[in-house]
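Before any comments, here is the structure.
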Amino acid sequence: MAGSFLIAAWISPSCYAHWLSISTWDPIHLVCSDPSYSYVSAVCTGWVALTAFSFSVAGLHGVVNYYLGDRIVRRLYDVEPLDWEQAESLYGMLDALSERAGIETPAIGLIQSSRPQIMSYGRGHESSIYVSVGFLETMTEDEVKASFAHEVAHISNGDTLVRSMANSLKIASMFNLIGFLIEPALCRDREFLADEEGARLSGDPRALMSALIKLSEAPPMRSGSLFMAGLSLSLFPARNGWSVFSRHPPVEERLRRLAELDIIDPGITSST
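The opening position of the sequence shown corresponds to residue 792 in my numbering, with each subsequent residue numbered one higher.
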């Protein structure tokens, strides 16, 4: 499979260039009876059509993801919006973190799920952070604050736009294996950045480490949630485990990097 992708990546540009040269400089060959020209013309025309289709789908995906992703997430999860009166303490800590990061305070939504989950979606002044009932029941106040700081860092860094663009480019290069490696690698890099900046925002790397460990022990998301995970930015992946295609780094590496930011109690370790 990988070999097919690499061959396609190598052949596509040359076919496209050859098709252009035939069309521009020697159009008679497009209809001539020479089987070699007829075959090359058919193959290259197919590649050009497929490339155009790929970029069209990628562009549509990017627009939908960036502008409508928040609505899709709310509908998939049946998110209940929370106002200041309903979640005064949560908004209090989130407002302080947002002011420190220089962004408007995101809206908070509640997910009716016992699985600990927290995720964000940010587009300019329209940003939201979603937490599950299980998350609020599982985490301490410091862990909630540290997790909020991580999501605020994502929003401040414009990671929703970054992920939308990365996903679109991956779709556009559907026959290029490199695109399927670069997109998750970029997402992992943004997670490391959000970990570091979030820890500095909250001033408590230890609490973020503890929250990561608890989230790593949670059961995997249901299948419908996996689609949603690609639209939003979550603190921990939809499925446990790691591979080169994972959008989240290994939890052990995240803990190690967080521990290097400050003097952390060595007793906190991952149980996974």
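For glycine and all other residues, C-beta sits at the position ideal for the given N, C-alpha and C. Every value quoted in this text rests on a predicted model; they were computed, and no experiment measured them.
Which term fits residue i, buried or exposed, when burial requires 16 or more other beta carbons within 10 angstroms of its beta carbon?
i       : result
Asp861  : buried
Phe1036 : exposed
His941  : buried
Glu974  : buried
Glu934  : buried
Ile969  : exposed
Pro1010 : exposed
Asp874  : exposed
Thr931  : exposed
Pro872  : exposed
CB residue i to CB residue j, shorter than 8 Å?
i       : j       : result
Pro897  : Phe926  : no
Leu885  : Asp986  : no
Ser904  : Tyr912  : no
Ala944  : Cys978  : no
Pro996  : Leu960  : no
Ala892  : Ala937  : no
Ser1007 : Val1042 : yes
Taking the alpha-carbon of residue i as reference, which of the options has the nearest alpha-carbon?
i       : options                               : result
Glu988  : Asn948, Tyr868 and Leu952             : Asn948
Glu1071 : Leu901, Ser919, Glu942 and Tyr912     : For residue 1071 there is no data in the structure shown, the boundaries of the chain being 792 and 1063.
Glu879  : Ile899, Leu984, Ala937 and Met1000    : Ile899
Phe939  : Ile920, Leu984 and Arg865             : Ile920
Leu972  : Lys1005, Leu1046 and Arg1038          : Arg1038
Ser955  : Ser993, Arg981, Ile909 and Glu934     : Arg981
Glu1044 : Pro1010, Ala1009, Met1000 and Glu1008 : Met1000
Ala771  : Glu895, Leu1046 and Tyr868            : Only positions 792 to 1063 of the chain appear in the structure, and residue 771 is not among them; the question remains open.
Ile946  : Thr931, Lys1005, Trp875 and Met910    : Met910
Val924  : Val870, Glu895, Ser889 and Leu992     : Val870
Leu881  : Leu984, Thr951, Val922 and Leu867     : Val922
Does DSSP put residue i in a helix, a strand or coil?
i       : result
Val922  : strand
Arg1048 : helix
Ser905  : coil
Glu974  : helix
Pro872  : strand
Ser1037 : coil
Ile878  : A small correction: the amino acid at residue 878 is Ala; Ile does not occupy that position in the sequence shown. Ala878: coil per DSSP, three-state reduction.
Glu932  : helix
Ala940  : helix
Glu1043 : helix
Ile969  : helix
Ile894  : coil
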